[in-house]
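Undergrad: My structure is below; once you've seen it, I'll send some questions.
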Amino acid sequence: MAPRNHKNWLKTPKVEYISSECYNNYSIFEQEIEHIFSKVWVPMCHISEMSNDGDFRSTQIANKNVVAVNRGGDVHVFLCPSIDRPAGNGLSTDGLHELHSEVKHGGMVWTTLDLNPSLSVEEWTCGAFDCIADAIDTEEMEVFHYHKAVIDTNYKLWHDTNSEFYHDFMHYFNRVSGFNDEYFARKNIPFDNGHVNVSSFTVNYEEYEGFEDRGELSFPNLPPNQWYMVDLFPGYNFNLRGNAYRSDIVTPLGPNRVLIEFRGYGLKKDTAEERATRVKAHNSIWGPFGRNLHEDLIGVAGQGTTMREGTETRNILHGRHENSTIHDEVGMRHYYEAWGKFLGVNPMNPLALLEDNVQAAE
Amino acid sequence: MTNASAVEIEKKIEKIIYRTALALDDNDWKSWFDLCDDAFFYSITSFSPEINKKMTYFSGNKKELVGLMDMLPKHNTDHSPLHRHTSVYTVEVADEGQSAKAISSVTIYQNMLDGINSHLDSGESRLFVIGKYFDEFKIEDGNPKFLSRETKLDNRRLDKGSHWPL
Amino acid sequence: MGQIVTNDGQNVSGSPKNDSLNDTLKRANEAFIKEQQNIFKNVWVPVCHESELLNPYDFRTSSIGNDNIIICRAPDGKVNALLNVCPHRGMLIERRPQGSFLEGQASGNPKRITCMFHAWQFDMRGNCVYVAREKEGYQDRFCKDDAGLRRLRCSVGFGGFVWVNMSDQPVALLEEWIGGALSPIMRQISSSPLEVVHYHKEIIQTGYKDEILNGLERNAGLAANLFFPFGHFASHNADEKTVPNGENKFPAPNATKSVKVNLFPGYIFHLSGPTLHVSTITPVSQNQVMVENRGLAPTSDSEQERLARSKHYNSIFGPFRPLKSEGPTPNGKPESNSPELSKHYNEEWVRWMEKHYNENGSLTNRVVAQGQKANPNLESEASGPKVVVVGASHAGIAFADKLRKNNFTGPIAIFDRQVGGPMERPPLSKGFLLGGGEIVESKSLLRQKKWYKTNKVRLKTQSIVHSVDTKQKTITVNNGVVVNYDKLVIASGAKPRELPDTVGVANAFTLRQPSDANAIRQAANNADSVVIIGGGYIGLEVAASLRKKGMVVSVIEAAERILARVASKPLAEHFQKLHEKHGVNIFTGIGVDKINHEDGIFAGVVLSDGNEIKADMLITGIGVFPDSKLAADAGIETQREDGGAILVDEAMQTSVKDVYAIGDVSIRRDQSLAVESVHNAQETASIAAAAITNNALPAIQTPWFWSDQYDTKLQSVGIVPVGESDIYQVARPGKKEGGISFWSYRDENLIAVEVVNDPATYMEARQCLDTKQSPDPKQISNRSYSPIDSGGARS
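The structure is reproduced here in C-alpha cells:
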C-alpha cells in the first residue's frame, strides 16, 4: 500500500509486535544484565576446551570475569577479577569465589552468577534438549571450530534470527534446498523459561551444487540429513544439521553491541577424514566464510543500524501465524513473553512499565 | 636445472602471487582460477588458543570454488572491497624445477561500502584480517600454477565474515 | 546494576563498575539524542544533489538524526525520500550508499526496493508490493496494504539539492525555511544545471556545534554579514560592490566572487570563485561529527573548465588542500571572531532546544537564564512592553495602529508565530495564486518595515506564545522567556477547518496563511486539475484563480447552493452562472464520502452519490474556527468549555480584566453570528484601542465585505440573514453594463446590499445602511430611482 506518513507509521499494528525500545534502551540493557544474565545458566564453553588437569577457560558473564578450571577431571567455575587470558593451564584459584557449575547437554560447561540457583541445568532447560539428547550425549564430542564476532546490534536480534526460519528467503541455499512440504511441516515447540526448539526435516543437499550429501556421517542415533535446532533463553543456540553440530553464545556488550562466539563440534572418535568432512559441512553454511552466517550477520547488523540508540521507537512485528510451523513467529512471541516476565515489563511498551517499577521500588 | 632458471622461476612465482592479489582485489575470480592448476585446493585456516586447535574456516577444490563464485550474485553479500597488501617472503623451488613453495605475508583491508551504516562508514578503510599465504606450485615448461593455497589467519574475531576468498 | 555479594556480605564482583562515569556518559548521550530529536528531525536537510540520482530507479542513501533514509527517483522522474527501515522487523532495507534498483537484488526483483531479510519488496514510492508468504503467515490480519514504507517530506530545489525534512509538519515550508538566506547566490546556482564533481567526508572529533562555530573564524575574509530568520546567515566579500556584475560570477569559470551561506544547523553553501562547495554535517556523537563535502560545477563545462575549477576547489576545500585551514579544530571553547554570527546561531539553537528543556521541568529556569544571557534583547523584554498583542493578524496590526493614532505612548509588542512580516490575507485566495515565483512576495505586506519603526511597534515573528498567566500578567514565549504586560490583546485569529481524511495527504490544502497560499501556488504549477470542497467565498475565489491558470476545477458544496451561509440566493445564482460560464464544474447538495489518495498523494474524491472525481490536488474551504486555545488554557471564558470564540464585552474585554480579544478569535456576548472579515478585524481593533486609551468607543459600523472572482468585483454591506424566510431580495440593474445589485429587505426595511461591478451603487447602499435609510423596495429595481434621501428613513 501507500507509503505512510508519520502517524500511520507509528499506528498500533493489527498483529503481535514489540517495541524497538526492547532493543536499544540503556536502562533495559542494565535490567537485563541484572535480572537475566546474572541469574540464568550460561553455557560458557565446552569441556573439550579444558581436557587436561589444570586447563582453564575464561569468559565474561554480565560484566564479571569467570573462569572454568579442570581440577583432576572435575570442572569448577570461579569468579576471577583479574583473568587476562582466554585459556591456559596452571591458574591458581586460591581465594576465588566458586560459582555453581555443571557439565551437561553434550559436554557444555554451564555456570550461573546466581549464588543460590533454584533450578539445576536440566530443570532450567526443561526438555528443550531432549530432541537431540541421543545424538549429542552418546559419544564424547570435541570442539573443532571457534571464532567470534562483535556486531553492533542487540543480542536479542541475533536470537530472533535464530528463532525463526522465515528469513530463509535471505539464504539462497535454503530457498533452493528447502521450501517443500516437509520443510513447512516442521514445528516450533515452546518450552518453559522462554526456550524453543525446532523439530527435524530432511535437507536436500543435492539441490545446491558443491554441497555433498551429509547422510553418511550423521551424529549417533540421528537419521541421515535431519536438522534440529534448540534456542535457549536468553541467547544460546544449538544446531544439529546432519553431520555437523554447532552452537553460538551471546555476550551482550551494550544495548546495541553483542559478542557472539561460534563453535563447531565433532565426535572425539572421528578419523581425520571424517573430521575433515564434518568441518567442511560446518563451514559451508556456518563458517565465517560460509554462505549463511555472513548473510545472517549482515541482517542483524542492519537491524542494529536502524535501531541504534536515539532512533525513533518503532513497532517490530512478530505476528506470523502458520500453525507453529517453520515460518510462524511463535518462537519470538514465546521468548518475549518470558523476557517480559523476567524484567517485569510489557515488551510492547517496556519503558512505561519500567518507570512504574522504578517508582514503585523507590 | 641451472641456477639461472631457478631464479627465473622464483621471479615468476613472485609475479603470479602479486597477479593473484590484483585479481582477488578486483573480484576477478576467472583470472585467479586461470592461474590455478585443475588440482588446486584452497583453504583458510587459523589456530585458536581458545580451544587450542588448528582450525579450517573454509576449504574447497577448484571446481567447488568456481561453483561458489558463480553462485555469488544469488547471495546477499557485503560488497565492501577487500584490498591485499602482500609481500613474498620465501620461494623454494624443488623437484628439479617441477614444483615450488612460497610463503607471503598478507594484510587485508576492507574499504567500507555497504556493510553497516554506509552514510557514515562508506569510504572508510578498516583492517580486515592479517595472516600468511602458504602456496604450493606445479611448474610445467617453466610456468608455475597454483596447486594449493592455505591462507593462515591470525584472526579469530571475524565479525561479519565474507563470501569471498581471501 | 547489582553487585554480587556472598552470604557473609563480601563483595565478590569481578569488575566493579564506575557508576559516576557511566552516568555522565549516559547523560551526555541522552543530551545528544535530544538534540537529534529537537533539531535535526525538524529542519530541512540537503541530503544530496539531484545529479547523484540521475535516472529513474537510481537511489542514494543517507541519514538524518540517527535515522537512515533512502532517496530514490521514481519512474516518472520524481525524487522521493523514504525511511530506510523495513516495516516488518526494522531491517535496514538498502545498505549501499548509491546505486540503481533497476537490477534485482539477491532476495528480490528488478525495479523493486527489496529487504534482503525476508524478501519484502517495495516500489519507488514506498508502496509495499510483496510480502513473502503473505496469506500463509498473516491470513486476513495483515497484508501488504498495511506495510507501506514511511514516506518523508522531500523537495528538490535551490541549485538542484534534494531537501528532506523528517517531520510531517515542518515549522516552515522549504521556501520559507530558507527564506532569503540563499538569495545572495540563488541566481548563480540556478542559472545552469549543476552536478556533483567532488565528494569526500571527514569525521571530526568535536561536537557539530563547535565545528560550525569554529568555522566562523574562517569567515574573517568575508566581512559583510547578512542575517536571516531560523538562524541562517550569509557572509560575502566586503568589496563585492566594487566588482562589476557579469562574467566574474559563478558559474563563469573565471568567477571571483565569494559568498558563504550558513543554513542552520550546519549546512554551508560556499560560492568561491568558479566553484560551489556545499558541506553538510551529520552528528555522530556528542563529540564527533561527520562533514560531507561536495563540489559542484555546471554540467556544461568543457574538460578544461572542469579541470580549472577542480584545481581551484582542491586548493581551498579538497582533502589535501595546502593549508588545512578548514580542518578540525581541537576540542575546547570556540573563539569565534564573529560574535554576531555565533550569537545569531546560538539564539536559534536555544529556540529549538527549548522544547527539550521544557520537558525536564527542573532545567527550565537554568535554561531560561542562559537564553536571556545569550540574547540581551530578550532580557529587556522581561521588563518590557506594557501592551502586548498576540497575533500579527489584520486585527492585531490594526489595533496597534489605532492605539498609536489614539496617542498611546507606551511600548507595544506584537508576537506572531508566522515567518516574516504580516501579510494581507485577502489577496492570498485571489491574485496571489496566479503568480509563478517560489517565494512569497513582500508587496502584500500589511505594513512596510518603516511603519513598525515610525510607530515604535516591536514585531517578534516566529514567536509562539505558550501560555498566559493572568494573575502575574505575563506571557511565556518560545524559549521560556517571560514577558509581562499591563494590557494583553489576543488577536490570534482563526484556523481553517480540515477534513480528517485529508490530514497528512500530499497535495491536499487549506488556505489561511501565506505559507498555505505559497504551497497551493507551487502545487498548482504542477497540477492540471483541482477539487475544491466548500462553495464559500474562499473556495470560489480559489476556483476563479486556478481556473484562470487553465486548470480543471470542480467545486463541491454540501448545501443546496453555493455561498449558502454568507450570501443571498440571487447573488449565489449570479456567481454560479459566472463560474459555470468560465468552465468550473459546480456540484451542490452533495457530500464527499471518501478522499482517495495514491501513495499518500491526493488522487480524487468519491461523492455521496458514488461518483468519483479525479484530480491532482484538493483544497478544503469549509470555514474556520477561532484559535482560542491560549485563552481557554488561561481560564479566559470562551463560547464553549472546549473552545469556540473568546467572549468579550462591548469594549472587547474578555472575562479577565486587562485582557482583550479582537478579530476572528473574539465574539461579543450579544452577537449570535461570528463574522470573519477585514471589516470585523478593523472595527474590533478600533474598539479595543479606544477602550485601552479611555476614548469613547466608536460607533459600530455596518459590516462590509468584498470578493474578486474573474473580472467580477463583489462588494457587500450589511449581513444577509440567509436562514430567515421573511427576507426577500430585489435586484437593481447596475449603472454600467454587467453591474447589478441585490437589496435585501425585511418588510420595508433594508438589511443588506450585495453589489456586483457597481462601486457607485455600493457607496450609496453603504450610506443608506450607515444612516439607517431604507429606499422603497418597490422602486429600487428602477435604475432611475435614487436610493439616497428618498424619504425612506427608518425609525
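Residue numbers (our numbering), protein chains in the order written: chain A, 105 to 466; chain B, 2 to 167; chain C, 91 to 885.
For each residue, glycine too, the CB sits at the ideal point set by N, CA and C.
These figures come from a predicted structure and were not determined experimentally.
#1: I'd like the ranges of any alpha helix (DSSP H) spanning at least 4 consecutive residues and lying wholly in the segment 240 to 328 of chain C.
#2: Could you confirm whether any beta carbon from chain B is found closer than 8 Å to the beta carbon of residue 197 of chain C?
#3: Under 9 Å between beta-carbons, which chain C residues line up against residue 118 of chain B? List them in chain order, please.
#4: Listing by chain order, which chain C residues have their CB less than 7 Å from the CB of residue 105 of chain B?
#5: Under 9 Å between beta-carbons, which chain A residues line up against residue 229 of chain C? List them in chain order, please.
#6: Quick one: grab the DSSP three-state call for residue 790 of chain C.
#7: Would you call the CB atoms of residue 599 of chain C and residue 518 of chain C closer than 8 Å?
#8: With a cut-off of 8 Å, does the C-beta of residue 148 of chain A fall near any C-beta of chain C?
#9: Helix, strand or coil for residue 132 of chain B per DSSP?
#10: Residue 457 of chain C by DSSP, collapsed to three states: which one?
#11: Is there a C-beta anywhere in chain A that falls below 8 Å from the one on residue 159 of chain B?
#12: To the nearest whole angstrom, what separates the beta carbons of residue 889 of chain C and residue 865 of chain C, a pair I think is in contact under 8 Å?
#13: From the beta carbon of residue 132 of chain A, is the nearest beta carbon of chain C less than 8 Å away?
#14: Quick one: give me the first and last residue of the alpha helix (DSSP H) that residue 678 of chain C is part of.
#15: In or out: residue 111 of chain B buried (at least 16 other Cβ within 10 Å) or exposed?
#16: Tell me the start and end of each unbroken beta strand (DSSP E) in the segment 660 to 733 of chain C that is at least 3 residues and wholly inside, in chain order.
#17: If the cut-off is 9 Å on Cβ atoms, which residues from the segment 224 to 258 of chain A count as contacting chain B, listed in chain order?
#18: Taking the C-alpha atoms as reference points, what is the distance between residue 694 of chain C and residue 234 of chain C?
#19: Report the neighbours of residue 82 of chain B on chain C: residues whose CB is nearer than 7 Å to its CB, in chain order.
#20: So if DSSP puts residue 103 of chain B in a beta bridge, which residue, or which two residues, is it bridged to?
#21: Run through chain B and tell me which residues come within less than 9 Å of residue 374 of chain C, C-beta to C-beta.
#22: By Cβ distance below 6 Å, which residues in the same chain neighbour residue 143 of chain A in space, the five residues on each side in sequence not counted?
#23: With a 10 Å radius around its C-beta and 16 neighbouring C-beta atoms as the bar for buried, classify residue 567 of chain C as buried or exposed.
#24: Where does residue 252 of chain A fall in DSSP's three states?
#25: Thinking just about the alpha-carbon of each residue, which of C:588, C:215, C:126, C:210 is nearest to the one in residue 149 of chain C?
#26: So with Cβ pairs under 8 Å, would you call residue 433 of chain A a contact of chain B?
#27: Quick check on the DSSP output: what are the complete beta strand (DSSP E) runs of length 3 or more inside the segment 355 to 442 of chain C, in order along the chain?
#28: With 16 as the cutoff for other CB atoms within 10 Å, does residue 195 of chain C come out buried or exposed?
#29: Tell me where the beta strand (DSSP E) around residue 368 of chain A begins and ends.
#30: Just checking my contact of residue 211 of chain A with residue 244 of chain A at CB under 8 Å: how many whole Å lie between their CB atoms?
#31: Looking only at its chain, what residues have a beta carbon closer than 6 Å to the beta carbon of residue 139 of chain C, apart from the 5 residues adjacent to it on each side?
#32: Taking C-beta pairs closer than 9 Å, name the residues in chain B that residue 276 of chain C reaches, listed in chain order.
#33: Given residue 873 of chain C, which residues of its chain have a CB within under 6 Å of its CB, disregarding the five upstream and five downstream residues?
#34: Output needed in chain order: residues of the segment 38 to 53 of chain B with a Cβ under 9 Å from some Cβ in chain A.
#35: Enumerate in chain order the residues of its own chain whose CB-to-CB distance from residue 421 of chain C is below 8 Å, with the five nearest sequence positions on each side excluded.
#36: Could you tell me whether the Cβ of residue 25 of chain B comes closer than 8 Å to any Cβ of chain C?
TA: Looking at the coordinates:
#1: Every alpha helix (DSSP H) of 4 residues or more that sits fully in the segment 240 to 328 of chain C is shown, in chain order, as 264 to 268, 273 to 280, 298 to 305.
#2: As a first step, residue 197 of chain C is located in the third sequence; it is residue number 107 there, counting from the start. Judged by the 8 Å Cβ criterion, residue 197 of chain C is in contact with chain B.
#3: The count along the second sequence starts at 1 and reaches residue 118 of chain B at position 117. Those within 9 Å of residue 118 of chain B in chain C are 153, 158, 182, 185.
#4: Counted from its first residue, the second sequence places residue 105 of chain B at position 104. The premise fails here: residue 105 of chain B is roughly 32 Å from chain C at the closest Cβ pair, so nothing lies under 7 Å.
#5: On the third sequence, residue 229 of chain C is found 139 positions in, with the first residue counted as 1. Neighbours of residue 229 of chain C on chain A, chain order: 425.
#6: Taking the first residue of the third sequence as 1, we reach residue 790 of chain C at position 700. Note: residue 790 of chain C maps to coil in three-state DSSP.
#7: Looking up residue 599 of chain C in the third sequence gives position 509. Looking up residue 518 of chain C in the third sequence gives position 428. The answer is no: Cβ separation not under 8 Å.
#8: On the first sequence, position 44 is the one that residue 148 of chain A refers to. Not closer than 8 Å to any Cβ of chain C, the Cβ of residue 148 of chain A fails to qualify, so no.
#9: Residue mapping note: residue 132 of chain B aligns to position 131 of the second sequence, counting from 1. The DSSP-derived three-state label of residue 132 of chain B is strand.
#10: Position 367 of the third sequence holds residue 457 of chain C. With a pLDDT of 31 at residue 457 of chain C, under the threshold of 50, the predicted position of this residue should be treated as unreliable, though the coordinate-derived value follows. It is helical.
#11: Taking the second sequence and counting its residues from 1, the one referred to as residue 159 of chain B is at position 158. Interface residue, yes.
#12: No answer is possible for residue 889 of chain C: it lies beyond the span of chain C, which begins at 91 and ends at 885.
#13: The residue labelled residue 132 of chain A in the question sits at position 28 within the first sequence. No, because no Cβ of chain C sits closer than 8 Å to the Cβ of residue 132 of chain A.
#14: For this step, residue 678 of chain C is matched to residue 588 along the third sequence. Counted as a single uninterrupted DSSP element, the stretch harbouring residue 678 of chain C is not any alpha helix (DSSP H) but the beta strand (DSSP E) occupying residues 675 to 678.
#15: For the purposes of this step, residue 111 of chain B is identified with residue 110 of the second sequence, where counting begins at 1. Its Cβ being crowded by 16 or more others within 10 Å, residue 111 of chain B is buried.
#16: DSSP runs (the beta strand (DSSP E)) wholly in the segment 660 to 733 of chain C: 675 to 678, 682 to 688, 691 to 697, 702 to 704, 707 to 710, 714 to 716, 728 to 730.
#17: Within the segment 224 to 258 of chain A, the qualifying residues are 246, 247, 248, 249, 250, 251, 252, 253, 254, 255, 256.
#18: On the third sequence, residue 694 of chain C is found 604 positions in, with the first residue counted as 1. On the third sequence, residue 234 of chain C is found 144 positions in, with the first residue counted as 1. When rounded, the distance between both Cα atoms is 22 Å.
#19: Here residue 82 of chain B corresponds to residue number 81 of the second sequence, with the count starting at 1. Correct list: empty, because the minimum Cβ distance to chain C is about 13 Å.
#20: As a working note, residue 103 of chain B is residue 102 in the second sequence. DSSP lists B:92, B:136 as partners of residue 103 of chain B.
#21: On the third sequence, residue 374 of chain C is found 284 positions in, with the first residue counted as 1. Neighbours of residue 374 of chain C on chain B, chain order: 121.
#22: Position 39 of the first sequence holds residue 143 of chain A. Closer than 6 Å at the Cβ level, and outside the excluded window around residue 143 of chain A, lie 218.
#23: On the third sequence, position 477 is the one that residue 567 of chain C refers to. When all chains shown are included, residue 567 of chain C counts as buried.
#24: Along the first sequence, read from residue 1 onward, the residue named residue 252 of chain A stands at position 148. DSSP places residue 252 of chain A in strand when its eight states are reduced to three.
#25: Against the third sequence, residue 149 of chain C aligns to sequence position 59. Here the closest residue by C-alpha is C:215.
#26: As a working mapping, residue 433 of chain A is identified with position 329 in the first sequence. It does not: the Cβ of residue 433 of chain A has no partner Cβ on chain B nearer than 8 Å.
#27: As far as the segment 355 to 442 of chain C is concerned, its whole beta strand (DSSP E) runs of at least 3 residues are 357 to 362, 365 to 375, 378 to 388.
#28: Within the third sequence, the letter at position 105 stands for residue 195 of chain C. Buried, by the Cβ-count rule.
#29: Counting from one through the first sequence, the residue named residue 368 of chain A turns up at place 264. Here the beta strand (DSSP E) through residue 368 of chain A covers 361 to 371.
#30: Taking the first sequence and counting its residues from 1, the one referred to as residue 211 of chain A is at position 107. Taking the first sequence and counting its residues from 1, the one referred to as residue 244 of chain A is at position 140. Their Cβ separation, rounded to whole angstroms, is 7 Å, which keeps residue 211 of chain A and residue 244 of chain A in contact under 8 Å.
#31: For the purposes of this step, residue 139 of chain C is taken as residue 49 along the third sequence, with counting starting at 1. The residues are 250, 251, 286.
#32: Sequence index remark: in the third sequence, residue 276 of chain C carries index 186 (1-based). What residue 276 of chain C touches in chain B: nothing, since even the nearest Cβ is about 28 Å away.
#33: Residue numbering aside, residue 873 of chain C sits at position 783 when the third sequence is read from its first letter. Excluding its 5 nearest sequence neighbours in each direction, residue 873 of chain C has C-beta neighbours in its own chain below 6 Å: 823, listed in chain order.
#34: Answer in chain order: 45, 47, 49, 50, 51, 52, 53.
#35: To locate residue 421 of chain C, count along the third sequence from 1; it is residue 331. Residue placement at residue 421 of chain C is flagged as unreliable, the pLDDT there being 41, under the threshold of 50; a coordinate-derived value is accordingly withheld.
#36: For the purposes of this step, residue 25 of chain B is identified with residue 24 of the second sequence, where counting begins at 1. The beta carbon of residue 25 of chain B sits no closer than 8 Å to any beta carbon of chain C.
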